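Going left to right, the sequence shown walks through residues 194 to 496 as this note's numbering numbers them.
We put the beta carbon where it would ideally sit given N, CA and C, even for glycine.
Just so we're clear, the structure is a prediction, and the values are computed from it rather than from any experiment.
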Amino acid sequence: MSIDPNLNPDSPISVGSGIPGLGIEVARVPEPVRRRVEAWHRDGLSVGLVPTMGALHAGHRALVKAARAEMDRVVVSIFVNPRQFGAGEDLEIYPRTENEDLAILTEERADLAWVPSPDIVYPPGFQTTVNAGALGLPMEGAHRPGFFDGVATVVAKLFALTRPHRAYFGEKDYQQLLVVARLGEDLDLGVEIVPVRTVREDDGLAMSSRNVRLTPEERATAPVLHRTLCRMAARLADGASDPATEIAWGTQRLLSAGFQAIDYLDVRDPRTLDPVTRAGVPARVLAAANLGSVRLIDNVPVE
Ligand code: PAF
194 MSIDPNLNPD
204 SPISVGSGIP
214 GLGIEVARVP
224 EPVRRRVEAW
234 HRDGLSVGLV
244 PTMGALHAGH
254 RALVKAARAE
264 MDRVVVSIFV
274 NPRQFGAGED
284 LEIYPRTENE
294 DLAILTEERA
304 DLAWVPSPDI
314 VYPPGFQTTV
324 NAGALGLPME
334 GAHRPGFFDG
344 VATVVAKLFA
354 LTRPHRAYFG
364 EKDYQQLLVV
374 ARLGEDLDLG
384 VEIVPVRTVR
394 EDDGLAMSSR
404 NVRLTPEERA
414 TAPVLHRTLC
424 RMAARLADGA
434 SDPATEIAWG
444 TQRLLSAGFQ
454 AIDYLDVRDP
464 RTLDPVTRAG
474 VPARVLAAAN
484 LGSVRLIDNV
494 PVE
């Protein structure tokens with residue numbers, strides 16, 4: 194796709210991002226997205242959506258690659274959704290790297306970037322929200338009240354606008370994956386939710402846009418989270434231990450490694466997120482823990 198150097202950044206849909214060398218269509222208001230998607234549907238093309246909050250990294254690339262491999266057209270949204278940040282959370286300092294993001298999306302051959310501002314997504318008078326229900330209450334939901342209602346609301350809006358056949362979500366946010374799958378089913382949205390495996394650094398740390406805020410010392414400690422979850426999962430899988438023992442062990446391990454606060458460290462049913470109290474049944478080990486100012490989350494299956 195060629196670049197128009199005279200591109201007007203205010204135009205509803207632009208060929209190129211306005212940055213030399215980049216060639217992805219960028220929409221900042223809904224109408225052109227609607228028109229584009231309508232045409233794709235009319236032409237019988239399959240549409241994949243990758244919802245993101247930007248600050249793209251290898252984990253997002255994996256989502257876009259998965260969509261690109263399966264679908265005729267790929268839409269990626271970049272929107273730091275204020276409704277999923279609570280008071281005192283990191284909305285203001287959440288990394289925003291739009292130019293780099295668009296370069297990555299161009300490399301990954303996404304077709305359309307949906308990059309709205311908050312007032313476009315939530316114009317004056319906006320008042321309808323989606324309640325994420327019981328799946329959104331424990332763990333992340335307990336520590337971030339309203340978080341999953343915010344996620345469910347914005348994802349419902351993204352689905353309504355982009356009308357994807359499939360939407361791609363990372364397993365790193367495992368609870369979110371379940372909430373979104375339930376949302377699609379409950380509201381008959383007709384979107385297949387595709388889970389994509391967590392992408393990790395060589396030392397096991399799950400890729401996250403927030404990792405850039407770790408100090409070198411915290412970055413050295415951070416992989417202990419994944420190692421701890423893996424060790425717990427392995428012991429549960431071979432029946433050598435039970436969830437309560439493992440949670441107690443894991444908590445101590447994280448605290449002694451330097452994590453300051455553990456929001457949760459749990460063994461849960463992989464579909465319902467009900468607590469699992471014995472070994473030898475399907476389960477997922479999930480955790481959120483704080484290192485300095487950075488809150489890390491991760492999870493692994495008990496296989
Ligand atoms: O996982 C995220 O980045 C966000 O929660 C999502 C799904 C893009 C909704 O804002």
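Residue i: beta carbon under 6 Å from a heavy atom of the ligand PAF?
i, result
"Glu322", "According to the sequence as given, residue 322 is Thr; it is not Glu. Result no, Cβ not under 6 Å from the ligand PAF."
"Asp294", "no"
"Asp342", "no"
"Asn274", "yes"
"Val478", "no"
"Met246", "yes"
"Val314", "no"
"Val392", "no"
"Asp381", "no"
"Val257", "no"
"Val347", "yes"
"Asp491", "no"
To which residues does DSSP link residue i through a beta bridge?
i, result
"Thr245", "Ile271"
"Glu385", "Arg359"
"Val487", "Leu484"
"Ile455", "Ala482"
"Trp307", "Ala220, Ser270"
"Ala476", "Val495"
"Val460", "Val478"
"Pro468", "Arg461"
"Val240", "Arg266"
"Ala399", "Arg393"
Going by alpha carbons, who is nearest to residue i out of the options?
i, options, result
"Arg228", "Leu466, Phe362, Ile455, Thr355", "Thr355"
"Ile386", "Gln320, Ala374, Arg276", "Ala374"
"Tyr287", "Val267, Asn404, Val240", "Asn404"
"Glu496", "Ala280, Ala248, Ser239, Ala427", "Ala427"
"Glu333", "Tyr361, Ala232, Lys365, Val392", "Lys365"
"Val323", "Phe340, Val417, Arg390, Phe272", "Phe340"
"Val478", "Leu484, Gly443, Phe452, Ala450", "Gly443"
"Met264", "His253, Trp233, Asp467, Glu439", "Trp233"
"Ala325", "Phe452, Tyr361, Val372", "Val372"
"Ala335", "Arg221, Gln368, Ala349, Asn274", "Gln368"
"Gly252", "Tyr361, Val392, Val226", "Val392"
"Ala360", "Leu466, Asp294, Thr245, Pro225", "Thr245"
"Thr290", "Leu422, Asp381, Gly247, Ala220", "Gly247"
Out of curiosity, what's the CA-to-CA distance linking residue i and residue j?
i, j, result
"Gln445", "Met400", "24 Å"
"Ala476", "Met425", "11 Å"
"Asp431", "Gly473", "8 Å"
"Arg420", "Ala441", "15 Å"
"Gly318", "Thr408", "41 Å"
"Leu448", "Ala413", "15 Å"
"Gly237", "Val389", "25 Å"
"Gly281", "Val230", "37 Å"
"Val240", "Val222", "19 Å"
"Val384", "Leu256", "16 Å"
"Arg461", "Val469", "5 Å"
Assess contact between the stretch 342 to 361 and the stretch 309 to 329, defined as three or more Cβ pairs (one per stretch) separated by less than 8 Å. Is contact present? yes
Should the stretch 450 to 469 be called in touch with the stretch 481 to 495, which here means at least 3 C-beta pairs below 8 Å? yes
Do the stretch 291 to 306 and the stretch 251 to 269 touch if we need at least three Cβ pairs shorter than 8 Å? yes
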